[in-house]
Amino acid sequence: MNRILGETYPDAHCELDYGNPLELLVATILSAQCTDKRVNMVTPVLFAKYQTAEDYAAADRAELEEIIRSTGFFRAKTTSIIGMAQAVCERYGGEVPGRLKDLVTLPGVGRKTANVVLGNAFGVPGITVDTHFQRLTRRFGWTTETDPVKIEHEVGSLIPKREWTVMSHRIIWHGRRICIARKPACGACPLADLCPAYGTGPTDPVAAAKLVRPGPFS
DNA sequence: ATCCCGAGGG
DNA sequence: CCCTCTGGAT
């Protein structure tokens, strides 16, 4: 399955638009419960107005909220961005830290967001367990866990570390294009012959994952 | 477990 | 109308 995913999505990459670690961090915070396409609609305006952590730390809440409103959760996201920026200024001299341990201490930055920034802006291999990754690896039978950290470790043990970041993107791309949450397109899936959850529909991925556990290299 | 919250698909 | 979208904090 791993090989087929690589052949199907040779160009899988982060689809958020950004030019530096701070921009990616902000874009990733905005991406919660929101499509990347919509995030990319607001970030040009946002990045034009705020360039540094100091800029965000001193931002006017109402102005920032208005810019990011369409991404949803805009009050919480504004609190996260301003709080994150203040912490970056106070504790890291205005530079986004390049270590997981530091990133997850920032307000509004959890493990998933931290791994996105590490993997894409710092070149540190990281597994990104988001809603897609969790749904697909469970459907594939690569894990039966529901805790994101356990999934990260279990799947990480099945995949070479140097492939962690690109593998995350391939799985996420597949989740967006074929193995869609609401309506999996099993008929169009290149993994159909190998997938334990083939044809089981959007519900009951748990039972499907328990049937067979072929692993990523079968 | 619940809240935050807008936009788009089916 | 109901669900989901590359989550995180309480």
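Just so you know, we're using our numbering here: the first sequence kicks off at 262 and counts up by one.
Glycine included, C-beta positions come from ideal geometry on N, C-alpha and C.
This structure is a prediction, so every number in the text was calculated from the model and none was measured.
Apart from the 5 residues on each side of it in sequence, K338 sits with its Cβ closer than 8 Å to the Cβ of I290, L291, A293, I329, T332, G369 in its chain, given in chain order. G355 sits in coil when the DSSP states are folded into three classes, being neither helix nor strand. The three-state secondary structure of A293, taken from DSSP, is coil. Linking R437 to A449 through their CA atoms gives a straight-line distance of about 13 Å.
With the rule of 3 Cβ pairs closer than 8 Å, the segment 309–327 does not count as touching the segment 371–390.
The continuous alpha helix (DSSP H) containing D363 extends over residues 361–364. Put simply, the segment 360–369 does not touch the segment 395–409. Fewer than three CB pairs are less than 8 Å apart. When the beta-carbon positions are compared, A446 and P463 stay at least 8 Å from each other. With fewer than 16 other Cβ atoms from the protein chains shown falling within 10 Å of its own Cβ, S418 counts as exposed.
Distance from P451 to I265 at the Cβ level is roughly 5 Å; contact confirmed, criterion being Cβ atoms closer than 8 Å.
For the pair R322 and M262, the Cα-to-Cα distance works out to about 46 Å. Around the beta carbon of M302, fewer than 16 other beta carbons lie within 10 angstroms, which makes this residue exposed. Contact annotation: I343 and A320 have beta-carbon atoms nearer than 8 Å. A check of alpha carbon separations from C275 across A453, V349, V377, R399 identifies V377 as the nearest.
When rounded, the separation of the alpha-carbon atoms in T461 and R400 is 9 Å. Taking a 10 Å sphere around the C-beta of T392, we find fewer than 16 other C-beta atoms and assign the residue as exposed. Looking only at T304, T398, I439, L325, the smallest Cα-Cα distance to T340 is reached by L325. In this structure, DSSP gives G460 a state outside helix and strand, which the three-state scheme calls coil.
Linking D272 to Y317 through their CA atoms gives a straight-line distance of about 33 Å. Distance from the CA atom of C350 to the CA atom of W434, rounded to whole angstroms, is 34 Å.
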